[in-house]
Structure formats: C-alpha cells, structure tokens
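Visitor:
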Amino acid sequence: MAIGLHQSDFKNPVVRWIDSRLPVFTMMQKEYGTFPTPRNFNYFWNFGALAMVNLLIMIATGVFLSMHYTAHTAYAFDSVERIMRDVNFGWLLRYVHMNGASMFFIVVYIHIWRGLWYGSYKAPREILWILGVVIFLLMMATAFMGYVLPWGQMSFWGATVITNLFSAIPVVGNDIVVWLWGGFSVDNPTLNRFFSLHYLLPFVIVGVVFLHVAALHITGSNNPLGIDPKGPQDTLPFHPYYTIKDSVGLIVYFIFFAFLVFFAPNYLGHPDNYIPANPLVTPAHIVPEWYFLPFYAILRAVPDKLGGVALMFGSIAILFILPWLDTSPVRSMRFRPVAKWFLVLWGINFCILTWVGAKPAEGHYVTIARWATTYYFLYFLVILPLLGRLERPLKLPESIALPVLRGGGPIPAGAAAKPMEKA
Amino acid sequence: MADAMAPHAAPHGEAGETRRDFLKLTTGAFAAVGVGAIAWPFISSMNPARDVLALASTEVDLSPIAVGQAVTVMWRGKPVFVRRRAEEEIKAAREVPLSQLRDPQTDQSRVIRDPWLVVVGVCTHLGCVPLGQKPTDARGDYGGWFCPCHGSHYDTSGRIRLGPAPANLAVPEYNFTSDTQIRIG
Ligand code: HEM
Ligand code: FES
Numbered sequence: 001m002a003i004g005l006h007q008s009d010f011k012n013p014v015v016r017w018i019d020s021r022l023p024v025f026t027m028m029q030k031e032y033g034t035f036p037t038p039r040n041f042n043y044f045w046n047f048g049a050l051a052m053v054n055l056l057i058m059i060a061t062g063v064f065l066s067m068h069y070t071a072h073t074a075y076a077f078d079s080v081e082r083i084m085r086d087v088n089f090g091w092l093l094r095y096v097h098m099n100g101a102s103m104f105f106i107v108v109y110i111h112i113w114r115g116l117w118y119g120s121y122k123a124p125r126e127i128l129w130i131l132g133v134v135i136f137l138l139m140m141a142t143a144f145m146g147y148v149l150p151w152g153q154m155s156f157w158g159a160t161v162i163t164n165l166f167s168a169i170p171v172v173g174n175d176i177v178v179w180l181w182g183g184f185s186v187d188n189p190t191l192n193r194f195f196s197l198h199y200l201l202p203f204v205i206v207g208v209v210f211l212h213v214a215a216l217h218i219t220g221s222n223n224p225l226g227i228d229p230k231g232p233q234d235t236l237p238f239h240p241y242y243t244i245k246d247s248v249g250l251i252v253y254f255i256f257f258a259f260l261v262f263f264a265p266n267y268l269g270h271p272d273n274y275i276p277a278n279p280l281v282t283p284a285h286i287v288p289e290w291y292f293l294p295f296y297a298i299l300r301a302v303p304d305k306l307g308g309v310a311l312m313f314g315s316i317a318i319l320f321i322l323p324w325l326d327t328s329p330v331r332s333m334r335f336r337p338v339a340k341w342f343l344v345l346w347g348i349n350f351c352i353l354t355w356v357g358a359k360p361a362e363g364h365y366v367t368i369a370r371w372a373t374t375y376y377f378l379y380f381l382v383i384l385p386l387l388g389r390l391e392r393p394l395k396l397p398e399s400i401a402l403p404v405l406r407g408g409g410p411i412p413a414g415a416a417a418k419p420m421e422k423a
Numbered sequence: 001m002a003d004a005m006a007p008h009a010a011p012h013g014e015a016g017e018t019r020r021d022f023l024k025l026t027t028g029a030f031a032a033v034g035v036g037a038i039a040w041p042f043i044s045s046m047n048p049a050r051d052v053l054a055l056a057s058t059e060v061d062l063s064p065i066a067v068g069q070a071v072t073v074m075w076r077g078k079p080v081f082v083r084r085r086a087e088e089e090i091k092a093a094r095e096v097p098l099s100q101l102r103d104p105q106t107d108q109s110r111v112i113r114d115p116w117l118v119v120v121g122v123c124t125h126l127g128c129v130p131l132g133q134k135p136t137d138a139r140g141d142y143g144g145w146f147c148p149c150h151g152s153h154y155d156t157s158g159r160i161r162l163g164p165a166p167a168n169l170a171v172p173e174y175n176f177t178s179d180t181q182i183r184i185g
C-alpha cells in the first residue's frame with residue numbers, strides 16, 4: 001500500500017482507484033452493506049428510510065416548482081395557478097409536493113411513535129433522539145413557510161397568526177414580529193424571505209439527518225425487544241435483509257402516496273387556499289394544516305396569550321428532555337405492563353388533540369382541549385417519572401436470537417458459525 | 001518540542017493562571033465581538049426597509065360616512081377601522097368603570113374628536129381582522145367588534161372585554177387635516 005492511500009477491497013479497477021483515494025465505497029459498504037442490524041425488526045423500522053426518501057422527493061419536486069414560481073404578492077397566486085394549468089406536468093409536481101408534505105408528517109409521526117413505544121430515546125440514543133426532534137422542528141418551520149408561498153387566504157392568515165405568536169414574548173415581542181415581517185404586516189418582504197428560507201431549510205434538514213444517521217451508526221439500532229444485540233447471532237447484515245424489507249415498505253408507501261396524489265389531491269388541504277390572499281378579510285374559520293392541529297389545539301386550550309404560546313412550544317420542547325423524564329431502564333413497552341397503557345392513552349389523546357384543533361374554540365371543544373392538553377403533559381412530567389420507580393417490568397428475554405430462532409427456522413450461515421449458547 | 005509548547009508553571013498571578021489564559025480570553029472576546037459585528041448587518045437587513053417605512057401615511061375622507069357606519073382603509077398593509085359612532089355607543093363606552101377593563105383606558109383617551117373612533121383593525125391576540133364593520137356582521141357581546149379566530153370581544157371603544165386578546169385595539173397616530181379629513185400615520 002502506498003503511503004496515504006486507503007486499502008480498498010473492491011475488485012473493479014475504477015472503483016478501486018477512486019476508493020483508495022476517497023473511500024466512499026468502503027464507507028457505503030460498511031454503513032449500508034454489512035452494517036450489523038438487529039434481526040428482529042418489524043415494519044415500524046421502515047419509517048426512517050421512508051422519511052429519507054420523502055425528503056428527497058420534496059427537494060426534487062421543490063427545485064422544479066421553483067423554476068416556475070414567482071415570489072411576489074402580485075404574482076405568487078397566479079404563478080401557482082399557471083403551474084397547475086399551463087406548465088407541462090406542473091399539476092403533478094405541485095400535487096406531489098403538496099401531498100408529499102402530508103406524507104412526510106405521517107411518516108415522521110409514525111417514526112416518532114416507534115421511538116416512544118420501543119424506548120428508542122433512552123440511553124445510549126439520547127443525542128440521536130434529540131437530533132430527531134431538531135429535524136421535526138425544522139420540518140415544521142419548512143412546511144409552515146411553504147404553505148405561505150401560494151399566497152391564498154389560508155397562506156396569508158396562517159402566516160399572520162403564526163408570526164403573531166412571537167408577539168406574546170414580553171418586552172421585545174412586537175419588535176421581533178416586525179423583524180420577521182420586514183414591515184408592519186405580512187406582506188411582500190415576508191413572502192420573499194419565506195421563499196428563501198423554504199428553499200434553504202430542507203438542505204439544513206439533510207445536514208441534520210446526516211448527523212442523525214451518523215449517531216445511529218455509533219449506537220446501532222434499537223429493536224422491538226429493546227435489548228442490546230449480544231453478538232453476531234443477534235444481527236443481520238443490512239443488505240440484503242433490510243434493504244429488501246425497506247423496499248417492501250416503500251412500495252406500500254408509494255401506493256398510498258399515489259392514491260392521494262391522483263385521487264384525492266386536495267383532500268388534506270383547505271379550499272380557502274384557492275382564494276387569493278386578502279389582508280382585509282379573515283376567513284370565518286381559520287385552521288392550520290392537519291399536521292399542526294394537535295399543537296394548535298394546545299395553543300387555544302389556554303385562555304391566556306403568553307400561556308398558550310408557552311405551552312404550545314413547551315409541548316415540543318418537552319421531547320428534548322424525554323430521555324431523562326422516563327426513568328425506567330426498560331426500553332420496549334412490551335415489557336412494561338403499566339406504562340404501555342398510559343402510552344396507548346397518550347396516542348389516543350394525541351389524536352383527540354388533532355381532532356379538536358380543527359373545531360371552533362368554543363363550548364365543549366375548549367373543555368376537551370383542556371383535558372387533552374393536561375394529559376399530554378401529565379404523561380411526560382408525572383406518569384413516566386413515577387412509573388420508572390413504581391412499575392415492575394416483565395422479565396426481559398436473554399437475547400434477540402433466542403425467541404426468534406426457537407421456532408426452529410433455518411439459521412443463516414453467519415449466525416450458525418457461532419455458538420448459540422453464549423447468548 | 002512538546003515540552004516547549006506546554007505552559008510553564010505559573011510564575012505570576014494565582015495558581016493556574018498564565019499569560020496564555022489571558023491571551024485566550026482576549027482572543028475569544030475579540031472573536032465574539034467580531035462575529036456580532038458581522039452578524040448585525042444580516043439581522044438588520046430583515047427589518048423594514050426605507051421604502052416600506054416611507055409608505056407610512058394614508059388620508060381618509062370622512063364626509064361620506066353616515067352615523068353608525070364604518071369604513072375600513074389600508075394603512076401600512078393593515079386595515080384601519082374608522083367608525084362614526086352613534087350617541088348611545090359613545091355613552092355605553094364612557095359609562096363602563098375602568099375596573100371592569102382588562103386593559104384600562106378611558107374612551108376619551110382613545111378619541112381625538114367625537115364621534116370618530118379610529119382603531120387599527122387587527123386583533124391584539126394573533127392578528128386576525130375582527131368582524132363588525134358591516135351592518136350584517138356579528139359585533140360580539142359588547143356591540144363593538146368580534147374576532148372569529150379565537151373569540152375575542154371588543155366594545156364600542158375597541159377595548160378588549162372577553163376572549164384571549166390581551167390588549168385594546170390600537171389607536172394609530174392620526175390627526176384631523178380638516179373637519180372632514182384625517183391623515184393616519
Ligand atoms: C426527516 C426526518 C427523518 C429522517 C429522514 C430520519 C431518518 C432515520 C433513519 C434512516 C433511521 C434509521 C432507520 C430506522 O430506525 O427507522 C432513523 C432512526 C431513528 N430516528 Fe429518525 N429520521 C427522521 C426524523 C426523526 C424524528 C423527528 C425523530 C424523533 C423525534 C427521530 C428519531 C429517531 C430515532 C430515536 C432513531 C433510532 C431508532 C432506532 O434505532 O430504534 N427521527 N431515522
Ligand atoms: S386573533 Fe383574534 S381572537 Fe385570536
């Protein structure tokens with residue numbers, strides 16, 4: 001080996017020549033080829049890969065939409081209508097981008113739910129989890145600013161209400177809002193900067209996803225049992241076992257996605273956004289996009305402006321400290337007979353918040369939103385810390401391989417070579 | 001070599017404090033100030049530009065507005081409500097004791113010349129435009145304006161009475177340029 005060159009195992013001379021100077025092939029082989037992955041993944045483990053694909057789809061459609069979009073209050077709405085009617089396949093690009101945002105949130109909500117259920121946020125994956133929450137926040141900012149771009153009624157009033165959240169900050173709040181707007185109301189300067197940031201942030205997300213995956217490849221993946229792999233008999237090489245499993249999920253994902261795009265492209269949207277923005281008339285009933293509804297419900301559950309805004313941001317910020325709120329050393333809910341039911345309830349409660357967020361803020365709806373908000377925080381702040389002490393978990397299996405292989409299925413060559421007893 | 005690089009046992013000052021620490025702190029402080037100075041133009045560029053600031057005044061002709069009617073005009077991209085209030089409305093607004101108000105202000109302090117009430121038509125909660133300008137609109141429990149977004153009620157002086165909004169509808173800066181004309185801003 002010449003000094004300074006990487007020792008490459010690749011046979012193809014071109015690949016080898018590149019790989020010995022820049023070992024990207026070796027790296028891909030290590031991280032996605034032979035990468036040892038727990039052998040007991042279920043389909044919940046598809047959603048990280050799905051999120052990755054979804055992010056790429058958003059970037060691809062977004063770049064091409066930008067070639068036809070005009071970021072000016074006088075032209076934005078019409079330029080989007082032109083994309084829909086005159087640009088070749090413009091309707092497809094836009095519907096894929098629009099519904100892609102919804103798909104992204106569906107995928108990431110399931111991905112987060114997987115983390116909650118199987119305790120993927122616990123040691124040693126705290127930073128991995130925190131990076132995930134950062135991605136989630138960046139996604140929300142990106143989706144919010146993207147929704148402003150077509151400059152319909154919901155774009156305008158959504159932007160107005162959300163930017164005004166910052167006016168709740170004591171003392172400097174109003175200055176911050178004027179700074180965000182670049183004027184005295186949501187207007188052309190606001191639209192311009194939102195377009196700039198909407199283009200930028202997905203690439204920031206790519207960067208954080210890279211760190212997220214880098215951290216994952218240090219700790220290794222969690223798995224449905226929540227116990228650590230103890231040796232090669234507990235893992236499989238990522239390729240072909242999980243490349244193929246992810247592909248199966250990807251096909252189902254594409255079927256669902258295509259159904260939305262081709263048969264119900266506006267189902268998840270709001271008809272008022274096909275009315276051009278009018279700064280003098282607020283629509284009678286403004287609602288954010290569906291994926292913001294739980295947080296919007298929390299905002300409206302509190303009768304005080306600052307209190308509402310603080311709880312809304314708090315409901316996401318609390319995820320950052322979740323690894324330290326959950327004091328139980330057992331990761332997977334399969335072995336937590338009590339916590340499991342509280343988490344199921346939390347999931348139902350989250351759906352209730354979504355539902356009530358779309359209702360007018362009056363009467364029983366407010367009462368429901370208040371109870372649901374209370375339980376949302378109670379779960380994290382009281383139930384999880386207490387259960388870590390009080391709950392008696394079920395007995396954990398000795399190894400991943402044991403319950404999987406006891407059925408007597410064929411043992412892959414790599415695993416059979418090692419003594420099973422050691423597990 | 002490694003020895004030469006290592007800081008010598010601190011001959012001056014307190015234990016552990018060396019000239020190198022001083023240099024590090026000074027360098028760090030200069031770097032922080034430098035980063036701040038470079039960041040400032042970027043942050044400042046996002047504040048309202050000069051042309052945006054220049055568009056800051058609007059004239060309104062009051063003569064066509066009948067008693068009990070209201071008009072909405074645009075000022076700095078926001079709606080401004082100009083309402084010619086009826087006698088009862090003014091009376092109602094002045095009879096309320098200040099102790100009942102969330103954001104206590106007398107009606108007198110919110111008008112320049114009767115019967116005109118001029119307020120920014122932006123809900124102080126999260127910025128929706130309240131209803132109440134058209135005769136057919138809902139005006140809320142206090143006969144002024146009602147914000148449908150999260151249910152704030154304003155009275156005939158534009159003061160917050162019920163709902164999540166923390167403050168009264170703002171009174172913009174304006175003056176009478178003649179008996180039937182005002183300039184806002
Ligand atoms: C753009 C969005 C995201 C992408 C592209 C992404 C990508 C991935 C990928 C490829 C994996 C490995 C495969 C898997 O375990 O499913 C992963 C794992 C993980 N992600 Fe994400 N992720 C995203 C958002 C999030 C969010 C929002 C959270 C949490 C708030 C999160 C938490 C985690 C955790 C804890 C793991 C390790 C899970 C385990 O091994 O059990 N991710 N992510
Ligand atoms: S914006 Fe008017 S009540 Fe919320």
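Line order of the protein sequences matches chains W and U. FYI, the numbering for the first sequence is 1 to 423, going by the UniProt record's numbering. FYI, the numbering for the second sequence is 1 to 185, going by the UniProt record's numbering. Quick reminder that beta carbons are idealized off the backbone N, C-alpha and C, glycines included.
For His198 of chain W and Leu23 of chain U, what's the separation of their Cα atoms in angstroms?
Guide: The residue given as residue 198 of chain W occupies position 198 in the first sequence. The residue given as residue 23 of chain U occupies position 23 in the second sequence. In a straight line, the C-alpha of His198 of chain W is about 42 angstroms away from that of Leu23 of chain U.
Visitor: If you measure from the beta carbon of Gly127 of chain U to each beta carbon in chain W, is any gap under 8 angstroms?
Guide: For the purposes of this step, residue 127 of chain U is taken as residue 127 along the second sequence, with counting starting at 1. True, the Cβ-Cβ gap to chain W drops below 8 angstroms.
Visitor: List in chain order: all unbroken alpha helix (DSSP H) runs of 4+ residues lying wholly within the region 42 to 72 of chain W.
Guide: If we require 4 residues or more, the alpha helix (DSSP H) runs fully inside the region 42 to 72 of chain W come out as 47 to 66.
Visitor: Of all the alpha helix (DSSP H) runs that stay within the bounds of the region 72 to 107 of chain U, which reach a length of 4 or more residues?
Guide: 87 to 95
Visitor: Given Asp141 of chain U, which residues of its chain have a CB within under 8 angstroms of its CB, disregarding the five upstream and five downstream residues?
Guide: Residue mapping note: residue 141 of chain U aligns to position 141 of the second sequence, counting from 1. Excluding residues within five positions, the ones whose Cβ falls inside 8 angstroms are His153, Arg161, Leu162.
Visitor: Counting only Cβ-Cβ distances shorter than 9 angstroms, please list the residues of the region 144 to 168 of chain W near chain U, keeping chain order.
Guide: Trp157, Thr160, Val161, Ile162, Thr163, Asn164, Leu165, Ser167, Ala168
Visitor: Report the option in W:Phe256, W:Tyr379, W:Ala123 whose CA atom is closest to the CA atom of Trp324 of chain W.
Guide: To locate residue 324 of chain W, count along the first sequence from 1; it is residue 324. For Trp324 of chain W, the nearest C-alpha among the options comes from W:Ala123.
Visitor: Would Gly77 of chain U count as contacting chain W if we go by Cβ distances under 8 angstroms?
Guide: In the second sequence, the residue the question calls residue 77 of chain U occupies position 77. With 8 angstroms as the cut-off, Gly77 of chain U counts as an interface residue toward chain W.
Visitor: For the beta strand (DSSP E) containing Arg113 of chain U, list its first residue and its last residue.
Guide: Walking along the second sequence from the start, residue 113 of chain U turns up at place 113. First-last for Arg113 of chain U: undefined, no H or E at that position.
Visitor: Should Phe35 of chain W be labelled buried (16 or more other beta-carbon atoms within 10 Å of its own) or exposed?
Guide: Taking the first residue of the first sequence as 1, we reach residue 35 of chain W at position 35. Buried: at least 16 other Cβ atoms inside 10 Å.
Visitor: So, does the CB of Arg300 of chain W fall closer than 8 angstroms to a CB anywhere in chain U?
Guide: Translated into the one-based positions of the first sequence, residue 300 of chain W becomes position 300. By the rule that beta-carbons nearer than 8 angstroms mark a contact, Arg300 of chain W touches chain U.
Visitor: Find out if the Cβ-Cβ distance for the pair Trp129 of chain W, Tyr121 of chain W is shorter than 8 angstroms.
Guide: Walking along the first sequence from the start, residue 129 of chain W turns up at place 129. Walking along the first sequence from the start, residue 121 of chain W turns up at place 121. Yes; because the gap between Cβ atoms is below 8 angstroms, this pair is in contact.
Visitor: Could you work out which residue in W:Met84, W:Phe105, W:Leu65 is closest to Phe47 of chain W when comparing CA atoms only?
Guide: Translated into positions along the first sequence, residue 47 of chain W becomes position 47. Among W:Met84, W:Phe105, W:Leu65, the Cα nearest to that of Phe47 of chain W belongs to W:Phe105.
Visitor: Does Ala361 of chain W have its Cβ less than 8 angstroms from a Cβ in chain U?
Guide: For the purposes of this step, residue 361 of chain W is taken as the residue at position 361 of the first sequence. Answer yes: the Cβ-Cβ gap between Ala361 of chain W and chain U drops below 8 angstroms somewhere.
Visitor: Quick one: which residues of the region 125 to 151 of chain U get their C-beta closer than 7 angstroms to a C-beta of chain A? List them in chain order.
Guide: Structure shown: chain A not included; protein chains present are W and U.
Visitor: Do we get a CB-CB distance below 8 angstroms when we pair Val52 of chain U with the residues of chain W?
Guide: Position 52 of the second sequence, counting from 1, holds the residue named residue 52 of chain U. Flagged as an interface residue toward chain W: Val52 of chain U, by a C-beta distance shorter than 8 angstroms.
Visitor: Between the C-alpha atoms of Asp326 of chain W and Leu345 of chain W, what's the straight-line distance to the nearest angstrom?
Guide: As a position in the first sequence, residue 326 of chain W is number 326, starting the count at 1. As a position in the first sequence, residue 345 of chain W is number 345, starting the count at 1. Rounded to the nearest angstrom, the gap between the Cα atoms of Asp326 of chain W and Leu345 of chain W is 16 angstroms.
Visitor: Do Trp179 of chain W and Thr163 of chain W come within 8 angstroms of each other at the CB atom, strictly closer than that value?
Guide: Here the question's residue 163 of chain W lines up with position 163 in the first sequence. Here the question's residue 179 of chain W lines up with position 179 in the first sequence. Not in contact: Thr163 of chain W and Trp179 of chain W (Cβ atoms no closer than 8 angstroms).
Visitor: Is the closest heavy atom of the ligand FES to the C-beta of Gly132 of chain U under 7 angstroms?
Guide: The sequence position of residue 132 of chain U within the second sequence is 132, counting from 1. No.
Visitor: Measure from the alpha carbon of Leu101 of chain U to the alpha carbon of each residue in U:Phe146, U:Asp137, U:Gly158, then state which is nearest.
Guide: Here the question's residue 101 of chain U lines up with position 101 in the second sequence. The option with the nearest alpha carbon to Leu101 of chain U is U:Gly158.
Visitor: Taking just the CA atoms, how far does Ala143 of chain W sit from Ala214 of chain W?
Guide: Counting from one through the first sequence, the residue named residue 214 of chain W turns up at place 214. Counting from one through the first sequence, the residue named residue 143 of chain W turns up at place 143. Using only the alpha carbons, I get a separation of about 25 angstroms.
Visitor: Using beta-carbon positions only, say whether Asn223 of chain W and Phe335 of chain W come within less than 8 angstroms of one another.
Guide: Locating residue 223 of chain W in the first sequence gives position 223, where the first residue counts as 1. Locating residue 335 of chain W in the first sequence gives position 335, where the first residue counts as 1. For Asn223 of chain W and Phe335 of chain W, no; Cβs fall outside 8 angstroms.
Visitor: Going by DSSP, name the residue or residues bridged to Cys147 of chain U.
Guide: Residue mapping note: residue 147 of chain U aligns to position 147 of the second sequence, counting from 1. DSSP lists U:Ser152 as partners of Cys147 of chain U.
Visitor: Going along the chain, which residues of its own chain have a beta-carbon closer than 6 angstroms to the beta-carbon of Lys11 of chain W, five neighbours each way excluded?
Guide: As a position in the first sequence, residue 11 of chain W is number 11, starting the count at 1. The answer is none, since no qualifying residue turns up.
Visitor: Which same chain residues, not among the five before or five after Val82 of chain U, have their C-beta less than 8 angstroms away from its C-beta?
Guide: Taking the first residue of the second sequence as 1, we reach residue 82 of chain U at position 82. If we look at Val82 of chain U and ignore the five residues flanking it on each side, its Cβ neighbours are Val60, Leu62, Ile65, Ala70, Val71, Thr72, Val73, Trp116, Leu117, Val118, Ile182.
Visitor: Skipping 5 residues on each side, what residues in its chain have a beta carbon closer than 6 angstroms to that of Thr177 of chain U?
Guide: Along the second sequence, read from residue 1 onward, the residue named residue 177 of chain U stands at position 177. So the qualifying residues of the chain are Arg183.
Visitor: Please state the DSSP three-state secondary structure of Gln233 of chain W.
Guide: As a position in the first sequence, residue 233 of chain W is number 233, starting the count at 1. It is helical.
Visitor: Does the beta carbon of Pro64 of chain U sit closer than 8 angstroms to a beta carbon anywhere in chain W?
Guide: The residue given as residue 64 of chain U occupies position 64 in the second sequence. No, Pro64 of chain U does not count as interfacial toward chain W.
Visitor: On a CA-only basis, which of W:Thr61, W:Phe77, W:Met333 is nearest Phe89 of chain W? Give me that one, please.
Guide: Looking up residue 89 of chain W in the first sequence gives position 89. Of W:Thr61, W:Phe77, W:Met333, the residue nearest in Cα terms is W:Thr61.
Visitor: Strictly under 8 angstroms for the Cβ-Cβ distance: is Thr58 of chain U near chain W by that measure?
Guide: Mapped onto the second sequence, residue 58 of chain U falls at position 58. Output row for Thr58 of chain U: interface = no.
Visitor: Got a sec: is the Cβ-Cβ distance from Gly284 of chain W to anything in chain U below 8 angstroms?
Guide: Taking the first residue of the first sequence as 1, we reach residue 284 of chain W at position 284. Checking the sequence shown, residue 284 of chain W turns out to be Ala, not Gly. Yes, because at least one Cβ of chain U sits closer than 8 angstroms to the Cβ of Ala284 of chain W.
Visitor: Within the same chain, show all residues whose beta-carbon is closer than 7 angstroms to that of Met1 of chain U, passing over the 5 residues directly before and after it, in chain order.
Guide: Position 1 of the second sequence, counted from the start, is the residue given in the question as residue 1 of chain U. Per-residue confidence for Met1 of chain U stands at a pLDDT of 43, beneath the threshold of 50, marking its modelled position as unreliable; no derived number is given.
Visitor: So which residues on chain U does Asp187 of chain W lean against when the C-beta distance must stay under 7 angstroms?
Guide: Numbered from its first residue, the first sequence carries residue 187 of chain W at position 187. Among the residues of chain U, those whose CB is under 7 angstroms from the CB of Asp187 of chain W are Gly77, following chain order.
Visitor: Below 8 angstroms, can you find three or more Cβ-Cβ pairs linking the region 225 to 245 of chain W to the region 393 to 401 of chain W?
Guide: yes
Visitor: With respect to 7 angstroms, is the separation between the Cβ of Gly151 of chain U and the closest non-hydrogen atom of the ligand FES below this value?
Guide: Reading the second sequence from its first residue, position 151 is the one you call residue 151 of chain U. Flag set: Cβ of Gly151 of chain U near the ligand FES.
Visitor: Quick check on DSSP: helix, strand or coil for Glu81 of chain W?
Guide: To locate residue 81 of chain W, count along the first sequence from 1; it is residue 81. Here Glu81 of chain W sits in helix by DSSP.
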